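Q:
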Amino acid sequence: MRVSSLLVAAAAASAHAYTTNSQIRLAYHGDSGMMVSWNTFNHVENPSVHWGLSKDRLNNIATSNVSITYPTSTTYNNHVLINDLRPDTTYFYKPSPLMKSNSTDIFNFTTSRRAGDNTPFSVAVVVDLGTMGSKGLTTSAGAPVASTNILQPGERNTIDSLESSLADFDFLWHAGDIAYADYWLKEEIQQFLPNTTIQGGAAVYESILNEFYDEMMAITASKPYMVGPGNHEANCDNAGTKDKAHNITYDSSICMPGQTNFTGFKNHFRMPSDVSGGTGNFWYSFDHGMVHFIQLDTETDLGHGFIGPDETGGSEGFFNVDPVNATMNAQTTWLEADLAAVDRSKTPWVIVAGHRALYLSNTDDTCSTCKDVFEPLLIKYKVDLVLSGHSHIYERLAPLAEGKEDPNGLENPTFPWYITNGAAGHYDGLDVLESPRQPYSRFGLDTTNATYGWSRLTFHNCTHLTHDFVASNNNTVLDSATLFKARPWCASSSSNHGEHCNHGEDC
């Protein structure tokens, strides 16, 4: 159904109604850089960031000419790179200009750890995290959302939990499905959003995005926010939404140009692809201490004759987006080169994230084409851990290769370890984990037995890594497992961890 012509006027709604802060976010950029991004209501000729080692002496300034917007956006995205920073050092900074609500604020960040630094640290990981409150996950929802999937009065959500845990992690990694702005149509059809119309959908979409970024600033103004693409960034149509009461099925033709082809996602963020050989915010890598992190794109550009799930003709069938790199096999060519270049003496751990799972008990939610394309390289280069979401459950699997379990389990396996955590929370909550689970499944949480939560990765040393599922409502750990990898060059190359591997401590 084509109604985009009806949305044009609505998209011009006042920006001031839809954002309350400057949506400041950070991203690592190479060994000595930090990208600072924020939003303003108007175009800025030369956005700038004043910075220094003390909040009382912001005696350095970085500037750029990047102040960009897109059709339907209510704000401009400003991006400024600060270079020549010391590793693992806290700096204070102030972007300019800022929204009125932040105009007197001074912020701080801590730079990336130098590659080869074996000091223990933790990372927070989320996938499938949506807007909270009146436009997303809250204490009510429209029918037919199950009562088990809404928040209880006073229950802390995942954004609250992350904010309360800022001292516990170095950065936040969000591997796709950011905000769920494309749920605007579902929420309207279910009569969850008051005083909105289908014709005003473009403005509603942007308001959901802005509310999410407003909520996240309590985290992203001080912690780097490393992101990757998910299907809900692709466009505004939420997978071909059906209005059963009126016998209407909406498709991507409802979307205005600013809400197609990952446009908002491409404008809002600046990931370090330019210094890692990747492409935009879609695939890139970076080092942090003893770890090499890789973000993959499971939505487009699979190459090798495969069409990404979200591309025109892809398995999803309703997103109709374009490839983001015109070069055939660009992503896998880059991935192999990136993996081959890893110096395991400096970064012994290699961690990969992609939105869609290669393995899962909910087999309908796995990405078989992604598996065909990526798994041979993950096995060949002995990737340690693969993280994903897309399915709104939590499932920890055994280390796997070509569907077979590693006989060593978590005690020095050769195969990659797989964990899916799509339980961060969004408008209509969690999914059901299929029963019985796959033989290689080790632990699972779903709508029948779980709360919302996030993943904490703790790198104790070069041989021991712990994954925790942290419950958002009270910050307790509902599942924990430690991976041991023998590294002959490491003094800590012993599998005797047990109770000695506590969060934030050496093993």
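Those letters in the sequence shown? Residues -17 to -1, 1 to 490, by mature numbering (1 follows the signal peptide of the UniProt record, and there is no 0).
We put the beta carbon where it would ideally sit given N, CA and C, even for glycine.
As the structure is a computational prediction, the values presented were derived from the model and not from experiment.
#1: Considering Cα atoms alone, identify which of Pro399, Phe152, Asn244 and Gly213 is closest to Gly159.
#2: With 16 as the cutoff for other CB atoms within 10 Å, does Gln242 come out buried or exposed?
#3: Identify, in the order they occur along the chain, each residue of the same chain with its Cβ nearer than 6 angstroms to the Cβ of Lys225, setting aside the five sequence neighbours on each side.
#4: Straight-line CA distance for Asn221 to Met254?
#5: Can you give me the start and stop residues for the alpha helix (DSSP H) that Leu145 sits inside?
#6: Could you have a look at Asn43 and say whether DSSP puts it in helix, strand or coil?
#7: For the alpha helix (DSSP H) containing Lys363, list its first residue and its last residue.
#8: Mind checking which residues open and close the beta strand (DSSP E) that includes Trp400?
#9: Going by C-alpha distance, which of Leu36, Met18 and Ser47 is nearest His26?
#10: Identify, in the order they occur along the chain, each residue of the same chain with its Cβ nearer than 6 angstroms to the Cβ of Ala98, setting aside the five sequence neighbours on each side.
#11: Between the C-alpha atoms of Cys473 and Leu155, what's the straight-line distance to the nearest angstrom?
#12: Comparing alpha-carbon positions, which option in Asp143, Asp197 and Val108 lies nearest Met209?
#13: Could you give the first and the last residue of the continuous beta strand (DSSP E) run that contains His157?
#14: Mind pulling the alpha helix (DSSP H) runs of 4 or more residues that sit fully within the stretch 251 to 278?
#15: Can you tell which of Pro54, Ile181 and Asp367 has its C-alpha closest to the C-alpha of Phe245?
#16: In chain order, which beta strand (DSSP E) runs of at least 3 residues are fully inside the stretch 154 to 237?
#17: Asp414: which of His450, Leu279, Tyr435 and Ser256 sits nearest, CA to CA?
#18: Residues in its own chain within less than 8 angstroms of Ile191 by CB, not counting five upstream and five downstream?
#19: When you compare each of Asp71, Thr87 and Pro70 to Pro78 by their alpha carbons, which one comes out closest?
#20: Is it true that the stretch 184 to 203 meets the stretch 124 to 132, where meeting means three or more beta-carbon pairs spaced less than 8 angstroms apart?
#21: Any contact between the stretch 311 to 319 and the stretch 280 to 295? By contact I mean 3 or more CB pairs, one from each, below 8 angstroms.
#22: Since Asp367 and Leu448 should fall inside the 8 angstroms C-beta cutoff, what is the C-beta to C-beta distance between them, to a whole number of angstroms?
#23: Would you mind sorting Ser351 into buried or exposed? The rule is 16 or more other CB atoms within 10 Å of its CB.
#24: Out of curiosity, what's the CA-to-CA distance linking Glu170 and Ser205?
#25: Judging by CA-CA distance, which residue of Thr58, His62 and Asp67 is the nearest neighbour of Val43?
#26: Under a Cβ-count criterion, where at least 16 other Cβ atoms within 10 Å of its own Cβ denotes burial, should Leu149 be classed as buried or exposed?
#27: Taking just the CA atoms, how far does Thr73 sit from Thr93?
#28: Here's a check: name, in chain order, each residue in its chain whose Cβ is nearer than 8 angstroms to the Cβ of Ile202, leaving out the five neighbours to either side.
#29: Compute the distance between the beta-carbons of Ser5 and Asn29, then report whether it is under 9 angstroms.
#30: Quickly, what does DSSP pair Gly291 with across the bridge? List them, please.
#31: What are the start and end residues of the beta strand (DSSP E) that includes Thr441?
#32: Determine the DSSP secondary structure at Leu134, reduced to helix, strand or coil.
#33: In chain order, what residues of the same chain have a beta carbon less than 6 angstroms from the beta carbon of Leu393, not counting five sequence neighbours either side?
#34: Can you grab the Cα-Cα spacing for the pair Ser(-4) / Gly408, in whole Å?
#35: Given Phe75, which residues of its chain have a CB within under 8 angstroms of its CB, disregarding the five upstream and five downstream residues?
#36: Considering only the alpha carbon of each residue, which of Ser105, Asp111, Asn140 and Val110 lies closest to Thr122?
A: According to the structure shown:
#1: The residue labelled residue 159 in the question sits at position 176 within the sequence shown. For Gly159, the closest alpha carbon among the candidates Pro399, Phe152, Asn244 and Gly213 is that of Gly213.
#2: As a first step, residue 242 is located in the sequence shown; it is residue number 259 there, counting from the start. Buried, since its Cβ has 16 or more Cβ neighbours within 10 Å.
#3: Position 242 of the sequence shown, counted from the first residue, corresponds to residue 225. So the list reads Thr232, once near-sequence residues are dropped.
#4: For the purposes of this step, residue 221 is taken as the residue at position 238 of the sequence shown. For the purposes of this step, residue 254 is taken as the residue at position 271 of the sequence shown. Taking the straight line from one Cα to the other gives about 25 angstroms.
#5: The residue you call residue 145 lines up with position 162 of the sequence shown. Its alpha helix (DSSP H) spans residues Thr141 to Ser147.
#6: Here residue 43 corresponds to residue number 60 of the sequence shown, with the count starting at 1. Of the three classes helix, strand and coil, the one that applies to Asn43 here is strand, per DSSP.
#7: Taking the sequence shown and counting its residues from 1, the one referred to as residue 363 is at position 380. Counting along the chain, the alpha helix (DSSP H) containing Lys363 begins and ends at Ser351 to Lys363.
#8: One-based indexing of the sequence shown puts residue 400 at position 417. Its beta strand (DSSP E) spans residues Trp400 to Asn404.
#9: For this step, residue 26 is matched to residue 43 along the sequence shown. If we check each option's Cα against that of His26, Ser47 comes out closest.
#10: As a working note, residue 98 is residue 115 in the sequence shown. Here the set comprises Asp270, Lys329 and Thr330.
#11: Taking the first residue of the sequence shown as 1, we reach residue 473 at position 490. Taking the first residue of the sequence shown as 1, we reach residue 155 at position 172. In this structure, the straight-line span from the alpha carbon of Cys473 to that of Leu155 is close to 27 angstroms.
#12: Reading the sequence shown from its first residue, position 226 is the one you call residue 209. Of the candidates Asp143, Asp197 and Val108, the one whose C-alpha sits nearest the C-alpha of Met209 is Val108.
#13: The residue you call residue 157 lines up with position 174 of the sequence shown. Here the beta strand (DSSP E) through His157 covers Leu155 to Ala158.
#14: none
#15: Against the sequence shown, residue 245 aligns to sequence position 262. Out of Pro54, Ile181 and Asp367, Pro54 has the C-alpha closest to the C-alpha of Phe245.
#16: 155 to 158 and 208 to 211
#17: Your numbering for residue 414 matches position 431 in the sequence shown. Ranking the options by Cα distance to Asp414, first place goes to Tyr435.
#18: Locating residue 191 in the sequence shown gives position 208, counting from the first residue. Taken in chain order, the residues that qualify are Thr114, Lys118, Gly119, Ala162, Tyr163, Ala164, Tyr166 and Trp167.
#19: Against the sequence shown, residue 78 aligns to sequence position 95. It is Thr87.
#20: Cβ pair count under 8 angstroms is below three, so no.
#21: yes
#22: Position 384 of the sequence shown, counted from the first residue, corresponds to residue 367. Position 465 of the sequence shown, counted from the first residue, corresponds to residue 448. 7 angstroms between Cβ atoms; contact.
#23: Numbered from its first residue, the sequence shown carries residue 351 at position 368. Under this definition Ser351 is an exposed residue.
#24: Locating residue 170 in the sequence shown gives position 187, counting from the first residue. Locating residue 205 in the sequence shown gives position 222, counting from the first residue. Taking the straight line joining both Cα atoms gives about 32 angstroms.
#25: Start at 1 with the first residue of the sequence shown, and residue 43 comes out as number 60. A quick correction: the sequence has Asn, not Val, at residue 43. The residue with the shortest Cα to Cα distance from Asn43 is Asp67.
#26: The residue you call residue 149 lines up with position 166 of the sequence shown. Only exposed fits Leu149, as fewer than 16 other CB atoms lie within 10 angstroms of its CB.
#27: Locating residue 93 in the sequence shown gives position 110, counting from the first residue. Locating residue 73 in the sequence shown gives position 90, counting from the first residue. One C-alpha to the other measures close to 4 angstroms.
#28: One-based indexing of the sequence shown puts residue 202 at position 219. Within the same chain, Ile202 has close Cβ partners Ile142, Leu145, Glu146, Leu149, Leu155 and Tyr208.
#29: Numbered from 1 along the sequence shown, position 22 holds the residue referred to as residue 5. Numbered from 1 along the sequence shown, position 46 holds the residue referred to as residue 29. No, the Cβ-Cβ distance between Ser5 and Asn29 is not below 9 angstroms.
#30: The residue you call residue 291 lines up with position 308 of the sequence shown. In the DSSP output, where bridge partners are listed per residue, Gly291 has none listed.
#31: Walking along the sequence shown from the start, residue 441 turns up at place 458. That run of the beta strand (DSSP E) goes Gly436 to Phe442.
#32: Position 151 of the sequence shown holds residue 134. Of the three classes helix, strand and coil, the one that applies to Leu134 here is coil, per DSSP.
#33: The count along the sequence shown starts at 1 and reaches residue 393 at position 410. Excluding sequence neighbours, Leu393 sits near Leu466.
#34: Taking the sequence shown and counting its residues from 1, one reaches residue -4 at position 14. Taking the sequence shown and counting its residues from 1, one reaches residue 408 at position 425. Low local confidence applies: a pLDDT of 38 at Ser(-4) is under 50, so the model's placement there is unreliable, and no value is given.
#35: To locate residue 75, count along the sequence shown from 1; it is residue 92. If we look at Phe75 and ignore the five residues flanking it on each side, its Cβ neighbours are Trp34, Gly35, Leu36, Ser37, Lys38, Leu41, Ile89, Phe90 and Asn91.
#36: Within the sequence shown, residue 122 is the residue found at index 139, counting from 1. The shortest C-alpha separation from Thr122 is found at Asn140.
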